[in-house]
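Quick note on my numbering: the sequence shown kicks off at 10 and runs consecutively.
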Amino acid sequence: MVAPVSKAIPTSPGGARAYFRNIYDTVRTIAIGMKITLKYCFARTVTVQYPDVAPPIQPRYRGFHWFEAEKCIACDQCAKACPVDCIYIEKSGPRKIDKDSGVAVGGALTRYAIDYSKCMFCALCCDPCPTDCIHMGDNHDLSAYTREDMVVEFTDLAKEGKQTPEPFWMQQPNMPKWAAEKKSRWEERARPVREEMLKALQPSSPAKKETPAAAKE
Ligand code: SF4
Ligand code: SF4
10 MVAPVSKAIP TSPGGARAYF RNIYDTVRTI AIGMKITLKY CFARTVTVQY PDVAPPIQPR
70 YRGFHWFEAE KCIACDQCAK ACPVDCIYIE KSGPRKIDKD SGVAVGGALT RYAIDYSKCM
130 FCALCCDPCP TDCIHMGDNH DLSAYTREDM VVEFTDLAKE GKQTPEPFWM QQPNMPKWAA
190 EKKSRWEERA RPVREEMLKA LQPSSPAKKE TPAAAKE
């Protein structure tokens, strides 16, 4: 903060010292401020021409979640850990992991949704998950026209074979190369479990073990 300068030179010796001290402080603080300003005048620009150029995303970035519906047992642990109560889970009956297939069976997972108008991207929902099926993703871009649209229904995404929401512009045919590659990576990750994702939305029972007698037939 710049110290104010007295309007008139005081006549007492102590007052004159304070007067010149004020002038010195004023010049010094302006010089400090200008030094910082000049430093940034010549610094390398960090503006990224998004979306033409990919923004740098760090490996542990906490973006919009990706969710493995087929492994979710609807235990509510993530919802209980969420400090802002923005995870909504509904099921038609108890679910558990089938040890043979590694996917959840039992009642249907009828809803798994996150309200991103509340989410703080704190990742507290991920750690308590007993089946490791909710993760912070690498998508940083999601917009909506209404508050209701900020609620992402992951069970609806699962019907389309998706694990994570996509920004509007990434649903158009023309997109930058980096975005097409990122979208392709999301699709490749979900492709092997698409069938299981659909099954998670319906009631199911454990896969029957093949008995030695049945295997011989
Ligand atoms: S990231 Fe944090 S705020 Fe967002 S859903 Fe998970 S626990 Fe809740
Ligand atoms: S995401 Fe994990 S913690 Fe949350 S309900 Fe499903 S299994 Fe439980």
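Idealized CB from N, CA, C, for every residue including glycine.
Model, not experiment: these values are computed from the prediction.
Status (buried if at least 16 other CB within 10 Å, exposed otherwise) for residue i
i, result
"Glu226", "A caution first: Glu226 carries a pLDDT of 48, below 50, which makes its placement in the model too unreliable to give a value."
"Glu77", "buried"
"Arg26", "exposed"
"Thr38", "exposed"
"Ala12", "Because Ala12 sits at a pLDDT of 48, beneath the cut-off of 50, its placement in the model cannot be relied upon, and the point is left open."
"Ser214", "exposed"
"Ile96", "buried"
"Cys81", "buried"
"Ala199", "buried"
"Asn183", "exposed"
"Phe73", "buried"
"Phe29", "exposed"
"Pro174", "buried"
"Lys100", "buried"
"Ile41", "exposed"
"Met10", "Low local confidence applies: a pLDDT of 49 at Met10 is under 50, so the model's placement there is unreliable, and no value is given."
"Leu118", "buried"
"Ile143", "buried"
"Ile1", "Outside the displayed span of the chain (10 to 226) sits residue 1, for which this structure offers no information."
"Cys91", "buried"
"Ala223", "Confidence is the limiting factor: at Ala223 the pLDDT is only 48, short of 50, which leaves the residue's position unreliable, though a coordinate-based value still follows. That one is exposed."
"Val14", "Summary for Val14: the model assigns pLDDT 49, below 50, so the residue's position carries little reliability, and this model does not support an answer."
Element boundaries [beta strand (DSSP E), containing residue i]
i, result
"Lys105", "104-106"
"Lys100", "96-100"
"Glu162", "160-162"
Assumed close pair residue i, residue j - CB separation to whole angstroms, cut-off 8 angstroms
i, j, result
"Ser152", "Phe177", "7 angstroms"
"Pro212", "Gly116", "6 angstroms"
"Arg104", "Ala83", "5 angstroms"
"Ala113", "Glu79", "6 angstroms"
"Ile66", "Asp150", "Not a contact, Cβ separation roughly 10 angstroms."
"Lys127", "Val93", "5 angstroms"
"Gln172", "Trp195", "7 angstroms"
"Cys71", "Met145", "Here residue 71 is Arg; the residue named in the question, Cys, does not match the sequence. With 8 angstroms as the limit, Arg71 and Met145 qualify as a contact, their Cβ atoms being about 4 angstroms apart."
Residue i, enclosing alpha helix (DSSP H) - first and last residue
i, result
"Leu207", "203-209"
"Arg53", "Arg53 -> no alpha helix (DSSP H), and no H or E assigned at all."
"Arg194", "186-199"
Check whether the segment 157-177 touches the segment 111-123, taking contact to mean three or more Cβ pairs, one atom from each stretch, closer than 8 angstroms.
yes
Assess contact between the segment 130-138 and the segment 87-97, defined as three or more Cβ pairs (one per stretch) separated by less than 8 angstroms. Is contact present?
yes
Taking three-plus beta-carbon pairs below 8 angstroms as touching, is the segment 165-178 in contact with the segment 200-211?
Result yes; three or more Cβ-Cβ pairs closer than 8 angstroms.
Would the segment 179-191 and the segment 59-76 be scored as touching if the rule is three or more Cβ pairs under 8 angstroms?
yes
Complete runs of the alpha helix (DSSP H) confined to the segment 64-148 [at least 4 residues]:
86-90
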